[in-house]
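Here the first sequence stands for residues 745 to 1166, numbered as in the numbering used here.
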Amino acid sequence: MLTLNAIRTQTDEVIERLSLRGKDRKNDVLEILSTDEQKRSKQTELEQALAKSNVLAKEIGELFKSGEAEKANLLKNESLALKENIKSLELEQLDLEQLLTAKLYELPNTPSTKVKLGYGADDNETVYEWGNDPILPANPLPHWELTDKYKLVDFELGNKITGAGFPVYTGKGARLQRALINFFLDEALAAGYYEIQPPILVNEASGIGTGQLPDKEGQMYHSTIDNLYCIPTAEVPITNMYRDVLLKENELPIKNVGYTPCFRREAGSYGAHVRGLNRLHQFDKVEIVQIARPDQSYEILEEMVEHVKGLLTKLGLKFRILRLCGGDMGFASALTYDFEAWSGAQQKWLEVSSTSNFETFQANRLKCRFKNKEGKNELVHTLNGSALALPRIVASLLENNQTEDGINLPECLHPYLGFQKI
RNA sequence: GGAGAAAUGGCAGAGCGGUUGAAUGCGGCAGUCUUGAAAACUGUUUUAGUGAAAGCUAACGGGGGUUCGAAUCCCUCUUUCUCCGCCA
């Protein structure tokens, strides 16, 4: 959620930046400003009534003490009448406040200056590309045939025990998963990240904190009996560790990494493009999360991009980095880089990481601040990135490295795998 | 799951209906002293909203209630501790 302060003091810039998302938000912003004004004047009115009531209560107390019960009772009546007024003012103020919050929740983050105006995936800019086209056998197999051929992933079995989108990894397929997770975690540790193993069920407050709730309610699996949600990404629990936290400046930046399974309902996305491992309801991901001082956050975003770049390079996968345009960026993000690995047999790019700076958008909801040099509490910037999401990496690895007589796995994984070839 | 106890400022810990935003101690910050430091002494030390400011308002785990007035009484939820049960 954007800060009211930014909306109030930099109104024109906020409107201008939001328009980069390909939609004019001027009216929304102006409505927020007028609602805020109404709320504040109602609040002033309420506070004045409360002040009066406090004075009366004090006087009554003193009168009782000095034994002037009659006078006290007179004042009591006055106070009672005031109370009615306070109650209705409270309700009105609360209504306005809820309206204001609802409107603020609906407003996406303001894109950073680097973001180009755009309306969808076609307007994204490719900012980096690495690797050569894989050399493939005559009739390369898509990964869902390779996983079948070498008994790596059993989709049918997953259908049976859970449903579509919940594959069972078997044998070398399962070991490849484990190797990738360990490789990604170790690389992050070497880059100075601190390992976290968070819960994979979170409460409502956490969902609100990182912005999944209330708008993306339908995208998460929800245990209604306990009112807990399955996490769609480790970002949710790991960022929420800092909900309602006041950090010291010297604690920043905080660099955390966590491996978790991720659960996404992916409501409404079915069809041929979701075959095999391309889109799942449950998948594994290693996520890097940083909490940073505002003046450092863009430098840190670059550092995170470099980290992800390094992983893909070591895996030897042809990939590209896109800087997302305004229209394709997530709701909470100010700047996002997507990483796409080339999938040789499918002949298409698969998104394997999304690395973003949220600036204060999440921190504002989370109330995560730090005490700055002037001793003032200031909102932190939050950043996160996949490093990396497994299924599409597996898809690319299998497809790009297939030969007539097996699949050669990259060297960086050998120590983790205990084998080199499938 | 059952029975009981508890939740107060950065921490420890008073308060249990009326100038208590909250005693006291520790810690933090500033100063005096000192060549410097320690000790000692003095002062200061929560956050948010609103306002030009003075000020005003709110917050003693969360929510609700009683009352002219609640940290203090009642209800409820959450969490922690102790005992019992169950269990990887």
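A virtual CB, placed ideally from N, CA and C, is assigned to each residue, including glycine.
Same chain only: Cβ atoms within 8 Å of Thr779, ignoring 5 sequence neighbours per side: In the first sequence, residue 779 corresponds to position 35, counting from 1. These residues qualify, in order along the chain: Leu840, Leu843, Leu844, Lys847.
Using the C-alpha atoms, what's the distance from Thr1057 back to Ala934? Numbered from 1 along the first sequence, position 190 holds the residue referred to as residue 934. Numbered from 1 along the first sequence, position 313 holds the residue referred to as residue 1057. Spanning the two alpha carbons is a distance of roughly 16 Å.
Measuring straight from C-alpha to C-alpha, what distance separates Asp1039 and Leu1024? Taking the first residue of the first sequence as 1, we reach residue 1039 at position 295. Taking the first residue of the first sequence as 1, we reach residue 1024 at position 280. Cα atoms of Asp1039 and Leu1024: separation of roughly 37 Å, rounded to the nearest angstrom.
Rounded C-alpha distance that separates Ile1166 from Asn876: As a working note, residue 1166 is residue 422 in the first sequence. As a working note, residue 876 is residue 132 in the first sequence. Roughly 22 Å between the two C-alpha positions.
How many angstroms separate the CA atom of Lys770 from the CA atom of Gly1070? On the first sequence, position 26 is the one that residue 770 refers to. On the first sequence, position 326 is the one that residue 1070 refers to. When rounded, the distance between both Cα atoms is 16 Å.
One question on the structure: do Glu1047 and Gly1002 come within less than 8 Å of each other, judged by their Cβ atoms? On the first sequence, position 303 is the one that residue 1047 refers to. On the first sequence, position 258 is the one that residue 1002 refers to. Result no, Cβ atoms of Glu1047 and Gly1002 do not sit closer than 8 Å.
Is the CB-CB distance between Gln1026 and Lys999 below 8 Å? Looking up residue 1026 in the first sequence gives position 282. Looking up residue 999 in the first sequence gives position 255. Pairing Gln1026 with Lys999 gives a Cβ-Cβ distance that is not under 8 Å.
Helix, strand or coil at Asp839 according to DSSP, with G and I counted as helix: Within the first sequence, residue 839 is the residue found at index 95, counting from 1. Asp839: helix per DSSP, three-state reduction.
Per-residue burial, Gln1164 [other beta carbons within 10 Å of its own, 16 or more giving buried]: Along the first sequence, one-based indexing puts residue 1164 at 420. With fewer than 16 Cβ atoms within 10 Å of its Cβ, Gln1164 is classed as exposed.
If you count every other CB in all the chains shown that lies within 10 Å of the CB of Glu1118, and 16 or more means buried, which is it? Sequence index remark: in the first sequence, residue 1118 carries index 374 (1-based). By the neighbour-count rule (16 or more Cβ atoms within 10 Å), Glu1118 is not buried but exposed.
Looking only at its chain, what residues have a beta carbon closer than 6 Å to the beta carbon of Lys860, apart from the 5 residues adjacent to it on each side? To locate residue 860, count along the first sequence from 1; it is residue 116. Taken in chain order, the residues that qualify are Cys1069.
Can you tell me which of Gly1129, Leu800, Leu790, Glu1148 puts its alpha carbon nearest to the alpha carbon of Ala978? Start at 1 with the first residue of the first sequence, and residue 978 comes out as number 234. Selected option, being the one with the closest Cα: Gly1129.
When DSSP labels each residue in this structure, what does Ile1151 get in the three-state scheme? Stepping through the first sequence from its first residue, residue 1151 is reached at position 407. Strand at Ile1151.
Would DSSP call Glu939 helix, strand or coil? Position 195 of the first sequence holds residue 939. Here Glu939 sits in strand by DSSP.
Determine whether the beta carbon atoms of Leu1123 and Arg1109 lie at a separation below 8 Å. Here the question's residue 1123 lines up with position 379 in the first sequence. Here the question's residue 1109 lines up with position 365 in the first sequence. Remark: C-beta atoms of Leu1123 and Arg1109 do not approach each other more closely than 8 Å.
Mind checking whether Cys974 and Ile944 have CB atoms under 8 Å apart? By one-based count along the first sequence, residue 974 stands at place 230. By one-based count along the first sequence, residue 944 stands at place 200. Their beta carbons are under 8 Å apart, which means Cys974 touches Ile944 by this criterion.
Going along the chain, which unbroken runs of the alpha helix (DSSP H) with 4 or more residues stay wholly within the region 949 to 1032? As for any alpha helix (DSSP H) of minimum length 4 sitting wholly inside the region 949 to 1032, the runs are 979 to 984, ordered along the chain.
With a CB to CB cut of under 7 Å and the five nearest residues on each side skipped, what residues in its chain are close to Thr1147? The residue you call residue 1147 lines up with position 403 of the first sequence. Cβ within range, chain order: Pro881.
For Asn829, three-class secondary structure by DSSP: On the first sequence, residue 829 is found 85 positions in, with the first residue counted as 1. Here DSSP, grouped into helix, strand and coil, assigns Asn829 to helix.
Quick one: what's got a C-beta closer than 8 Å to Asn971's C-beta in the same chain, skipping five residues either side? Here the question's residue 971 lines up with position 227 in the first sequence. Closer than 8 Å at Cβ, skipping near neighbours: Asn947, Glu948.
Just to confirm my understanding: we take Ser823, look at its own chain, exclude 5 residues before and 5 after, and list those with CB closer than 8 Å. What are they? Sequence index remark: in the first sequence, residue 823 carries index 79 (1-based). Setting aside the 5 residues that flank it on each side, Ser823 is surrounded in the same chain by Ser797, Leu800, Ala801, Ile804, each with a C-beta closer than 8 Å to its C-beta; the list follows chain order.
Can you give the beta carbon distance from Pro694 to Gly1060, rounded, assuming they're within the 8 Å contact cut? The structure shown does not extend to residue 694, since the chain is modelled only from 745 to 1166, so the question has no answer here.
Let me know the alpha helix (DSSP H) ranges lying completely inside the region 1096 to 1139, each 4 residues or longer, listed in chain order. The alpha helix (DSSP H) runs lying completely inside the region 1096 to 1139 and spanning 4 residues or more are 1105 to 1110, given in chain order.
Does the region 913 to 929 come close enough to the region 1129 to 1142 that 3 or more CB-CB pairs lie under 8 Å? By the Cβ rule, the region 1129 to 1142 counts as touching the region 913 to 929, because three or more pairs are nearer than 8 Å.
Would you report the Cα separation of Tyr849 and Lys827, rounded to the nearest angstrom? Here residue 849 refers to the residue found at position 105 when the first sequence is read from its first residue. Here residue 827 refers to the residue found at position 83 when the first sequence is read from its first residue. Cα-Cα distance, rounded: 33 Å.
Express the C-alpha separation of Gln787 and Leu929 in angstroms, rounding to a whole number. To locate residue 929, count along the first sequence from 1; it is residue 185. To locate residue 787, count along the first sequence from 1; it is residue 43. Answer to the nearest angstrom: the Cα atoms are 50 Å apart.
Following the continuous alpha helix (DSSP H) through Asp772, name the residue where it begins and the one where it ends. In the first sequence, counting from the first residue as 1, residue 772 sits at position 28. 770 to 809 is the span of the alpha helix (DSSP H), which, as asked, contains Asp772.
For His1158, count the other beta carbons within 10 Å of its own beta carbon; 16 or more makes it buried, fewer makes it exposed. Which is it? One-based indexing of the first sequence puts residue 1158 at position 414. Exposed: under 16 other Cβ atoms inside 10 Å.
Exposed or buried, what is Glu1084 when buried is set at 16 or more other beta-carbons lying within 10 Å of its beta-carbon? Taking the first residue of the first sequence as 1, we reach residue 1084 at position 340. Buried, because 16 or more other Cβ atoms sit within 10 Å of the Cβ of Glu1084.
How many angstroms separate the CA atom of Lys1120 from the CA atom of Leu991? Stepping through the first sequence from its first residue, residue 1120 is reached at position 376. Stepping through the first sequence from its first residue, residue 991 is reached at position 247. Using only the alpha carbons, I get a separation of about 12 Å.
Looking only at its own chain, which residues have a Cβ that is under 7 Å from the Cβ of Phe808, when we skip the five neighbours before and after it? Here residue 808 corresponds to residue number 64 of the first sequence, with the count starting at 1. Residues Ala816 of the same chain have their beta carbon placed closer than 7 Å to that of Phe808, with the five preceding and five following residues left out of the count.
Apart from the five residues just before and just after Pro886, which ones in its own chain have a Cβ nearer than 7 Å to its Cβ? Sequence index remark: in the first sequence, residue 886 carries index 142 (1-based). If we look at Pro886 and ignore the five residues flanking it on each side, its Cβ neighbours are Gly1020, Ala1089, Gln1090, Glu1143.
DSSP three-state call for Leu851: helix, strand or coil? Here residue 851 refers to the residue found at position 107 when the first sequence is read from its first residue. Leu851: coil per DSSP, three-state reduction.
Where do the N-terminal and C-terminal ends of the beta strand (DSSP E) with Tyr872 fall, by residue? Here residue 872 refers to the residue found at position 128 when the first sequence is read from its first residue. Membership of Tyr872 in the beta strand (DSSP E) is indicated by the continuous run 869 to 874.
Does the beta-carbon distance from Arg922 to Thr854 come in below 8 Å? Start at 1 with the first residue of the first sequence, and residue 922 comes out as number 178. Start at 1 with the first residue of the first sequence, and residue 854 comes out as number 110. Note that the C-beta distance between Arg922 and Thr854 is not below 8 Å.
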